[in-house]
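What follows is a single structure, written as structure tokens, with notes after it.
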Amino acid sequence: MKMIVCLAGFLLGLAAVPALSGEFYVAPGGSDTGAGTKDKPFATLARARDAVRQAKAKLKEPMKVLLRGGTYYIQEPVVFGPEDSPAADCPVIYEAYPGEKPVISGGRLITGWKRGEGESWTAEIPAVKEGKWYFRQLFVNGKRRGRARLPRQGLYKIAAGADPPKRAFKFKPGEINPKWRNLNDVEVVLLQFWTEGRLRIESIDEPANTVKFTGQAFRPTSWNCGWYVENVYEGLTQPGRWYLDRQTGVLYYWPLPGEKMEQLEVIAPVARHWIRLEGDYKTGKLVEHITFR
Numbered sequence: 195m196k197m198i199v200c201l202a203g204f205l206l207g208l209a210a211v212p213a214l215s216g217e218f219y220v221a222p223g224g225s226d227t228g229a230g231t232k233d234k235p236f237a238t239l240a241r242a243r244d245a246v247r248q249a250k251a252k253l254k255e256p257m258k259v260l261l262r263g264g265t266y267y268i269q270e271p272v273v274f275g276p277e278d279s280p281a282a283d284c285p286v287i288y289e290a291y292p293g294e295k296p297v298i299s300g301g302r303l304i305t306g307w308k309r310g311e312g313e314s315w316t317a318e319i320p321a322v323k324e325g326k327w328y329f330r331q332l333f334v335n336g337k338r339r340g341r342a343r344l345p346r347q348g349l350y351k352i353a354a355g356a357d358p359p360k361r362a363f364k365f366k367p368g369e370i371n372p373k374w375r376n377l378n379d380v381e382v383v384l385l386q387f388w389t390e391g392r393l394r395i396e397s398i399d400e401p402a403n404t405v406k407f408t409g410q411a412f413r414p415t416s417w418n419c420g421w422y423v424e425n426v427y428e429g430l431t432q433p434g435r436w437y438l439d440r441q442t443g444v445l446y447y448w449p450l451p452g453e454k455m456e457q458l459e460v461i462a463p464v465a466r467h468w469i470r471l472e473g474d475y476k477t478g479k480l481v482e483h484i485t486f487r
């Protein structure tokens, strides 16, 4: 049986502790072709892991990897396996450089903003258009922003259930419009008390005001406390909201009052985890003697 431990999260700050001897250094402005020394640090945590992997057989004392302050953007998890495990009396410690705050970010900066229609700004994201990346969260200057939605506030109420009972319901006229842009990218969010169904639209019977979904809810759709639609372009009607067009790869954002796009740090998540510890319990090949502080 393979054991995988994931340290999941969008951002993680690391606290500093006193130094040990035997060190590698990592810095946002470093280079992975460098020596990993204080004056020539590596640029990535993965490169430091590889350097430790090569050196661990010769370790005669604890090894330390010090991360300098700043943000480290990763596109995929940094994976540690049994081959990264040092001897018990020579552990490896990954931690912040004293007095500094490194941050591991599983996000990607979005740049190249241009003024769009009305109050919105747009940025082209080729990876989205190519089908290589899709996200449901967006952070602006470290704060989460909501997707364009209808109604703007509150919830709609289902008019009645429909067949099949977990994949359809009746709505009131005007609440769902088959002429919405990219209808297959709209998500209907159905609140079923302690569960939340996120449903994609398969078809709409406009005369009957019935919508059918590609997937099904946890319970019959009539068992709910309300619903709303999200990532709908026509719902981009207020500041602080955004919309992602998967067909064109264009991201739309309506800044809050006082926000200036040239001064904003806009980040969307790309990495599901930032560290993975992968051992094999069945064979006894474990990840051991590695500490993160």
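For any residue, its number in the working numbering is found by taking its place in the sequence shown, counting from 1, and adding 194. Note that CB positions come from ideal geometry on N, CA and C, so glycine has one too.
Distance between beta carbons of residue j and residue i, contact taken as under 8 Å
i, j, result
"I370", "I398", "6 Å"
"A245", "F218", "6 Å"
"G429", "R339", "So it is not a contact: roughly 14 Å between Cβ atoms."
"Q331", "P463", "5 Å"
"I287", "I304", "Actually they are not in contact, since the Cβ atoms of I287 and I304 sit about 34 Å apart, beyond 8 Å."
"Y422", "W374", "Actually they do not touch by this definition, with Cβ atoms about 14 Å apart."
Local Cβ density within 10 Å of residue i, reported as buried at 16 or more and exposed below that
i, result
"R241", "buried"
"K366", "exposed"
"S215", "Its pLDDT being 47, under 50, S215 is placed unreliably by the model, and the measurement read from it follows with that caveat. Per the 10 Å Cβ criterion, exposed."
"A362", "buried"
"E289", "buried"
"N378", "exposed"
"E424", "buried"
"P296", "buried"
"R343", "buried"
"P358", "exposed"
"G478", "exposed"
"G312", "exposed"
"G306", "exposed"
"G230", "buried"
"G224", "buried"
Proximity below 8 Å, CB of residue i to CB of residue j
i, j, result
"V444", "T316", "yes"
"V382", "F407", "yes"
"R341", "Y447", "no"
"P280", "L261", "no"
"L349", "L393", "no"
"I469", "S299", "no"
"E324", "C284", "no"
"Q432", "R302", "no"
"T415", "G368", "no"
"D278", "V481", "yes"
"V322", "R466", "no"
"P249", "M257", "It should be noted that the sequence gives Ala, not Pro, for residue 249. Their beta carbons are under 8 Å apart, which means A249 touches M257 by this criterion."
"P222", "G228", "no"
"P276", "G409", "no"
Residue i versus the options, residue with shortest Cα-Cα distance
i, options, result
"P372", "P276, E400, Y288, D233", "E400"
"N376", "T389, I395, F363, P451", "I395"
"G263", "P292, P271, E270", "P292"
"K364", "W417, F387, H483", "W417"
"K360", "L480, V272, G391", "G391"
"K334", "H467, K476, K454", "Per the sequence presented here, residue 334 reads as Val, with Lys not at that position. With distances taken between Cα atoms, V334 lies closest to K454."
"A237", "P449, D226, R466", "D226"
"R487", "A229, V259, G473", "V259"
"P271", "A282, R247, R243", "R243"
"H483", "Q457, A282, K337", "A282"
"L458", "C419, G420, T442, K337", "K337"
"R309", "D474, Y475, E456", "E456"
"E294", "C419, V220, R247, F387", "V220"
"W327", "T442, P449, A402", "T442"
"G420", "L239, P449, T389", "T389"
Query raised in the report: Unbroken alpha helix (DSSP H) runs of length 4 or more, entirely within the stretch 313-341: which are they?
Result: The stretch 313-341 contains these whole alpha helix (DSSP H) runs: 320-323.
Requested in this report: May I have a chain-ordered list of the beta strand (DSSP E) segments no shorter than 3 residues that lie completely inside the stretch 372-420?
Outcome: As far as the stretch 372-420 is concerned, its whole beta strand (DSSP E) runs of at least 3 residues are 381-386, 389-399, 404-407.
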